[in-house]
Amino acid sequence: MKERHRYGIEGIFASILFVALIVVVLLQVAGRTLLFPSIVWTEELARWLWVWVALIGVAEVERTNTHLRMNFLTDFLGKRFQSVLYFLFDLVWLIAMCQLIWIAYKTVMRTTRNQSVTLIFNDWVLYLSFLVASLFIVFRVGQRMILTLQGKSQSVRINQ
Amino acid sequence: MILALICAVWLVLVFIGFAIGPAMIIVSMGYFIYSGMGMNFGVQRMVDGLNSFPLLAVPLFLLAAGVLNSAGITNHLFGFARALVGHLTGGLGHVNVLASLFFSGMSGSAIADAGGLGKLEIKAMRDAGYDDEFSGSVTAASSMIGPLVPPSITMVLYGVVSNTSIGKLFLGGVVPGFLCAASLMVMVYVLSKRRNYPRDPRQSRSEIWEKFVKSAPALATPFIIIIGIFSGYFSPTEAAAITVGYAILIDLVFYRELTWKSLWATIYDTARVSSSIATIIAGVSILGFVLAREQAPQQIANLVLSIVDGPISFLIAINVMIFFLGAFIESLAILLIVVPILIPVALGFGIDPVHFGIIVVLNLMISTLTPPMGMALFVVAQVGEIPYHKLAKAIIPWLLPPIIVLILVCTFPFLATGLPNLMN
Chain A
6 MKERHRYGIE GIFASILFVA LIVVVLLQVA GRTLLFPSIV WTEELARWLW VWVALIGVAE
66 VERTNTHLRM NFLTDFLGKR FQSVLYFLFD LVWLIAMCQL IWIAYKTVMR TTRNQSVTLI
126 FNDWVLYLSF LVASLFIVFR VGQRMILTLQ GKSQSVRINQ
Chain B
14 MILALICAVW LVLVFIGFAI GPAMIIVSMG YFIYSGMGMN FGVQRMVDGL NSFPLLAVPL
74 FLLAAGVLNS AGITNHLFGF ARALVGHLTG GLGHVNVLAS LFFSGMSGSA IADAGGLGKL
134 EIKAMRDAGY DDEFSGSVTA ASSMIGPLVP PSITMVLYGV VSNTSIGKLF LGGVVPGFLC
194 AASLMVMVYV LSKRRNYPRD PRQSRSEIWE KFVKSAPALA TPFIIIIGIF SGYFSPTEAA
254 AITVGYAILI DLVFYRELTW KSLWATIYDT ARVSSSIATI IAGVSILGFV LAREQAPQQI
314 ANLVLSIVDG PISFLIAINV MIFFLGAFIE SLAILLIVVP ILIPVALGFG IDPVHFGIIV
374 VLNLMISTLT PPMGMALFVV AQVGEIPYHK LAKAIIPWLL PPIIVLILVC TFPFLATGLP
434 NLMN
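So the sequences go chain by chain: A and B.
The first sequence begins at 6 in the numbering used here and counts up by one.
The second sequence begins at 14 in the numbering used here and counts up by one.
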């Protein structure tokens with residue numbers, strides 16, 4: 006993959022949040038061992054950051070087409086048949102994600118008043134991660150489907 | 014009937030190449046539509062499934078392994094292992110196993126081991142005149158030690174799904190991990206003797222000492238993790254973050270090979286791979302609800318209890334089942350879907366959860382070597398540029414040593430529980 010295409014916007018966003026997550030967990034250890042009283046919000050913030058990293062990162066997984074999958078049977082199929090099969094998979098996944106966007110939106114709306122235990126944000130910030138990730142995923146899957154239709158499909162890669 | 018249909022649809026989707034995590038979500042959504050329940054709490058369930066502090070250890074340990082690989086620490090570990098055992102019959106085969114054992118103390122992933130050390134090991138073995146099949150097989154087989162010796166991502170996940178102490182699981186894996194290493198070295202010796210593989214000249218004590226000094230900061234990592242967890246200074250997740258910080262620190266002080274660019278690439282790769290795992294966890298959270306609603310745990314427990322009549326026959330049945338499933342299904346999916354259903358049955362038979370955990374993890378690691386769906390084989394074939402079908406054939410005899418260790422661990426529970434009980 007060309008260097009300029011190596012990182013997608015979702016991947017960069019997830020990586021920045023990941024760095025923040027490491028800092029927060031280290032702060033938690035430092036807070037407990039070096040400071041008194043220890044910091045109470047670090048654990049919840051770390052969990053929320055992880056959910057954001059994980060879900061936004063899924064969009065990057067879609068962009069790079071590196072989901073964990075078993076392709077030893079499909080490897081026996083011809084290139085054309087593979088393209089049709091993966092196009093159908095993408096179509097099913099796209100429809101499911103569109104449905105999940107609506108459910109995620111309703112979940113965010115439902116949790117606007119739920120207060121988090123230690124953070125200043127309400128719970129909707131946590132569930133917003135799913136909504137944002139779903140939008141990115143739909144965009145990336147749609148993009149891949151268009152590429153497949155144009156005959157420029159990216160092959161499935163093993164995720165290491 | 015519905016339960017069988019759910020499992021069948023998911024398996025068919027996975028076998029024809031649908032991504033594992035999304036397949037679980039699709040099947041669950043299908044169930045919700047069929048049962049008229051609606052998906053209103055589906056998103057919440059998936060997010061809540063990920064919202065767990067112990068789970069954070071997974072990306073953090075993956076990152077620690079990635080940083081160690083990028084920092085070139087693997088070269089020093091390989092050099093030290095070569096100085097120690099390179100002169101034995103089949104020298105580089107032993108070096109391969111020992112380097113994996115050293116690396117496993119810093120990394121919790123077989124794939125990180127196979128991908129990181131693998132390239133280096135296979136190149137060195139190829140240059141020395143070992144054939145590709147032998148080099149690839151010993152690299153893949155030794156990578157399974159990674160998740161047995163602490164830290165271990167697989168054990169973190171087992172600890173989360175079974176509510177078992179991750180610290181105890183880490184310690185429980187030490188003896189089986191060393192036994193696997195020893196048994197693989199015996200295998201290397203036997204095959205090398207027969208094939209007359211080369212060996213290195215013996216290195217002097219001062220050379221060994223010099224290489225030890227270079228590797229010592231990296232070799233100290235597992236001790237920091239274990240001592241930190243058992244002294245109560247930090248939880249396994251915090252230990253993972255400490256390991257990341259420590260890996261960066263020792264590179265800054267001793268190795269100085271890490272660049273901003275390589276560090277960023279490692280963080281990015283780890284975030285992406287973690288997200289791939291997270292999709293499966295999110296899928297399991299929602300599929301788990303469906304399975305629970307269809308009373309799958311009770312039905313499977315009843316089925317198992319109708320076949321087995323005691324802990325020994327239960328362990329045999331479970332091991333055969335995991336071994337068979339592992340050849341076709343990704344080990345992570347087995348761990349997160351099948352194992353939680355089996356844990357209550359195991360506890361019912363009086364099997365220690367740590368003992369059961371070590372057995373499961375060991376068996377799952379063997380499954381990373383079993384074709385057609387052997388993840389370690391895929392990675393080694395890729396990094397070593399060895400045709401997959403050749404490696405899949407050559408790995409078969411290498412399954413014997415870990416299977417013997419698995420039988421030993423099943424028969425003698427103290428091999429897994431002795432060290433954790435001692436620490437108590």
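A virtual CB, placed ideally from N, CA and C, is assigned to each residue, including glycine.
Because the structure is a prediction, the values reported are computed rather than measured.
Name the DSSP bridge partner or partners of residue i?
i	result
residue 109/B	Residue 109/B pairs with nothing; no bridge assigned.
residue 176/B	DSSP output for residue 176/B lists no bridge partner at all.
residue 120/A	127/A
On the DSSP letters alone, give me the boundaries of the alpha helix (DSSP H) that residue i sits inside.
i	result
residue 228/B	218–232
residue 149/B	145–156
residue 310/B	309–320
residue 126/B	123–140
residue 37/B	33–48
residue 38/A	14–39
residue 157/A	That residue, residue 157/A, is in no alpha helix (DSSP H); it is neither H nor E in DSSP.
residue 55/A	47–69
residue 200/B	187–208
residue 68/B	Segment: none, residue 68/B is in no alpha helix (DSSP H) and carries neither H nor E.
Run down chain A in chain order and give the residues with a C-beta less than 8 Å from the C-beta of residue i.
i	result
residue 171/B	Result: empty, since nearest Cβ-Cβ is about 18 Å, beyond 8 Å.
residue 66/B	48, 51, 52
residue 439/B	Residue 439/B lies beyond the stretch modelled for chain B, which goes from 14 to 437, so this question has no answer here.
residue 184/B	Going along chain A, no residue has its Cβ under 8 Å from residue 184/B, so there is no contact; the nearest lies around 21 Å.
residue 340/B	Within 8 Å Cβ-Cβ: nothing; residue 340/B doesn't reach chain A, min ~11 Å.
residue 343/B	73, 75
residue 69/B	26, 30, 51, 52, 55
So which residues on chain B does residue i lean against when the C-beta distance must stay under 8 Å?
i	result
residue 83/A	Neighbours of residue 83/A on chain B: none; closest Cβ ~14 Å, over 8 Å.
residue 125/A	None at all; the shortest Cβ gap to chain B is about 18 Å.
residue 104/A	42, 52
residue 90/A	29, 30
residue 135/A	56, 59, 60
Which chain B residues are close to residue i, counting only those with a beta carbon under 7 Å from its beta carbon?
i	result
residue 46/A	Those do not exist, as residue 46/A stays about 13 Å from chain B at its closest Cβ, beyond 7 Å.
residue 112/A	56, 57
residue 149/A	Result: empty, since nearest Cβ-Cβ is about 12 Å, beyond 7 Å.
residue 129/A	Correct list: empty, because the minimum Cβ distance to chain B is about 11 Å.
residue 3/A	Here chain A comprises residues numbered 6 to 165, so residue 3/A is not present and cannot be evaluated.
residue 178/A	Any answer about residue 178/A is impossible in this case: the structure gives chain A only from 6 up to 165.
residue 101/A	38, 39, 42
Please compile the residues from chain A whose C-beta is within a distance smaller than 7 Å of the C-beta of residue i.
i	result
residue 250/B	30
residue 27/B	75
residue 47/B	Within chain A, no residue comes near residue 47/B; the closest Cβ sits about 14 Å away, beyond 7 Å.
residue 385/B	77
residue 77/B	Correct list: empty, because the minimum Cβ distance to chain A is about 10 Å.
List the residues of chain B that residue i touches, going by C-beta distances under 9 Å, in chain order.
i	result
residue 117/A	Within 9 Å Cβ-Cβ: nothing; residue 117/A doesn't reach chain B, min ~14 Å.
residue 14/A	Within 9 Å Cβ-Cβ: nothing; residue 14/A doesn't reach chain B, min ~12 Å.
Just to make sure I have the definition right: I need the residues of chain A whose C-beta is within less than 9 Å of the C-beta of residue i. Which are they?
i	result
residue 53/B	108, 111, 112, 115
residue 301/B	Chain A residues near residue 301/B: none, gap ~17 Å exceeds 9 Å.
residue 281/B	11, 12, 16, 17, 19, 20, 23, 65
Could you tell me whether the segment 86–103 of chain B touches the segment 50–57 of chain B, using the rule of 3 or more Cβ pairs below 8 Å?
-> The answer is no - the segment 50–57 of chain B does not touch the segment 86–103 of chain B, with fewer than three Cβ pairs under 8 Å.
Between the segment 99–119 of chain A and the segment 35–52 of chain A, do at least 3 Cβ pairs fall closer than 8 Å?
-> Between the segment 99–119 of chain A and the segment 35–52 of chain A there are fewer than three C-beta pairs closer than 8 Å, too few to call the two in contact.
Run through the segment 379–437 of chain B for me and flag every whole alpha helix (DSSP H) of 4 or more residues, listed as ranges in chain order.
-> Segments of the alpha helix (DSSP H) lying fully in the segment 379–437 of chain B: 388–397, 401–407, 413–424, 427–436.
Do three or more CB pairs link the segment 55–67 of chain A to the segment 269–286 of chain B at distances below 8 Å?
-> Judged by Cβ distances under 8 Å, the segment 55–67 of chain A makes contact with the segment 269–286 of chain B, as three or more pairs qualify.
Within the segment 263–289 of chain B, ranges of the alpha helix (DSSP H) (whole runs, at least 4 residues) = Correct list: empty.
Alpha helix (DSSP H) runs wholly inside the segment 322–363 of chain B, at least 4 long, in chain order | Entirely contained in the segment 322–363 of chain B, the alpha helix (DSSP H) runs reaching 4 residues are, in chain order, 324–339, 352–361.
Counting pairs of beta carbons, one from the segment 293–309 of chain B and one from the segment 37–46 of chain B, are three or more of them closer than 8 Å?
-> Contact holds: three or more Cβ-Cβ distances are below 8 Å.
Touching or not, the segment 272–280 of chain B and the segment 73–88 of chain B, by the rule of three or more beta carbon pairs under 8 Å?
-> In short, these stretches touch, since the Cβ pair count reaches three.
Could you tell me whether the segment 206–220 of chain B touches the segment 101–110 of chain B, where touching means 3 or more Cβ pairs closer than 8 Å?
-> Output reads yes: the segment 101–110 of chain B touches the segment 206–220 of chain B.
With a cut-off of 8 Å, do at least 3 Cβ pairs link the segment 156–176 of chain B to the segment 109–116 of chain B?
-> Contact between the segment 156–176 of chain B and the segment 109–116 of chain B is present, because at least three Cβ pairs lie under 8 Å.
Would you check if there are 3 or more beta carbon pairs closer than 8 Å linking the segment 404–417 of chain B to the segment 382–396 of chain B?
-> Flag = yes, the segment 404–417 of chain B and the segment 382–396 of chain B touch.
Any contact of the segment 57–69 of chain B with the segment 125–138 of chain A, i.e. 3+ C-beta pairs under 8 Å?
-> The count of Cβ pairs closer than 8 Å, one atom from the segment 57–69 of chain B and one from the segment 125–138 of chain A, reaches three, so the stretches are in contact.
Contact between the segment 118–135 of chain B and the segment 159–173 of chain B (3+ Cβ pairs under 8 Å) | Contact holds: three or more Cβ-Cβ distances are below 8 Å.
Quick one: any contact between the segment 394–412 of chain B and the segment 141–149 of chain B, if contact means 3 or more CB pairs under 8 Å?
-> Touching, yes.
If you pair each beta-carbon of the segment 165–176 of chain B with each one of the segment 345–357 of chain B, do three or more pairs fall below 8 Å?
-> Yes, the segment 165–176 of chain B touches the segment 345–357 of chain B.
Would you be able to state if there are at least three C-beta pairs under 8 Å between the segment 24–34 of chain B and the segment 68–80 of chain A?
-> Contact between the segment 68–80 of chain A and the segment 24–34 of chain B is established, with three or more Cβ pairs separated by less than 8 Å.
Three or more beta-carbon pairs under 8 Å between the segment 63–70 of chain B and the segment 322–341 of chain B, yes or no?
-> No, the segment 63–70 of chain B does not touch the segment 322–341 of chain B.
With contact counted as at least three CB pairs below 8 Å, one residue from each stretch, are the segment 82–93 of chain A and the segment 306–325 of chain B in contact?
-> Fewer than three Cβ pairs drawn from the segment 82–93 of chain A and the segment 306–325 of chain B lie within less than 8 Å of each other, which leaves the two stretches out of contact.
Inspect the CB distances between the segment 253–261 of chain B and the segment 304–318 of chain B and report whether three or more fall short of 8 Å.
-> Not touching, per the Cβ criterion.
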